[in-house]
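Counting with the numbering used here, you get residues 5 to 190 for the letters of the sequence shown.
Using N, Cα and C, we set each Cβ at its ideal position, and we do this for glycine too.
It should be emphasised that the depicted structure is a prediction, and the values quoted were computed from it without experimental measurement.
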Amino acid sequence: MKKTIINIQVLVGFVLPLFLQSLGLFSPFWATDGNTNKGLFYQCAGSTCNSESGILNGATLGLECTAFIMMALSLLVFGVGVVCYGPDELGEFNNSTSEACYSVCKLYAMQCFCCFPCSGLLSLVGCIVFSSDFNTEELGWSFYMCIAAGSVVFLNVCVPCCDWICKKKSEESVVKSLVYDMYFRK
Numbered sequence: 005m006k007k008t009i010i011n012i013q014v015l016v017g018f019v020l021p022l023f024l025q026s027l028g029l030f031s032p033f034w035a036t037d038g039n040t041n042k043g044l045f046y047q048c049a050g051s052t053c054n055s056e057s058g059i060l061n062g063a064t065l066g067l068e069c070t071a072f073i074m075m076a077l078s079l080l081v082f083g084v085g086v087v088c089y090g091p092d093e094l095g096e097f098n099n100s101t102s103e104a105c106y107s108v109c110k111l112y113a114m115q116c117f118c119c120f121p122c123s124g125l126l127s128l129v130g131c132i133v134f135s136s137d138f139n140t141e142e143l144g145w146s147f148y149m150c151i152a153a154g155s156v157v158f159l160n161v162c163v164p165c166c167d168w169i170c171k172k173k174s175e176e177s178v179v180k181s182l183v184y185d186m187y188f189r190k
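Below, the structure written as structure tokens:
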């Protein structure tokens, strides 16, 4: 059961935002101008696409690419952590590996938890920068996919934090999350 819960957390928490970000980043539907669809990398008019027309917005391209890379690295690090320290087939956590390996994985996990919220912020800031150049009617679905990716990242960060704070304030015993059990054993 624990393994299924962790797999669902990984899919919703890390894979969904990365999927939405890649859909938005690499598609040419950020803005429409008549029958021309403009993307961050190329523009399409009818059935013809070209990348020779120049970058539509360099700041947005940089922010969105950085957000994509940070999301991918977070997924990779978290995935390795789940494989190394996640529950086995019986649902038990096996943290009996060497202390040096455990310390390295713990360090990478901390970097992941810092990197992931920053990727959502960069995605949203890139969309804000892009939207300042266009009217709302001109914005396409690629733009909204990147907004959704950044929003899902923030939901995945805020909901567990709020849950933890509420449990702490109600003076109940704080139920440790599966991620906490994997990386912060006593």
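When C-alpha distances from residue 67 are compared across 166, 149, 165 and 134, the shortest belongs to 134. A straight-line Cα-Cα distance of about 8 Å links residue 153 and residue 20.
Counting C-beta pairs closer than 8 Å gives fewer than three between the segment 137 to 145 and the segment 77 to 86, which falls short of the contact rule.
Assignment of residue 61 by DSSP, reduced to helix, strand and coil, places it in the coil class.
Taken in chain order, the unbroken stretches of alpha helix (DSSP H) that lie wholly in the segment 12 to 62 and span 4 residues or more are 20 to 30. Looking at the DSSP output, residue 67 bridges to nothing. Taking the C-beta atoms as reference points, residue 41 is found nearer than 9 Å to residue 47. Residue 15 is positioned such that its CB atom lies no closer than 9 Å to that of residue 34. Residue 72 places its beta carbon less than 9 Å from that of residue 22. Taking 9 Å as the cut-off, the beta carbon of residue 155 is found no closer than this to the beta carbon of residue 130.
Non-local beta-carbon contacts of residue 70 in its own chain, meaning distances under 6 Å to residues more than five positions away in sequence, involve 126 in chain order.
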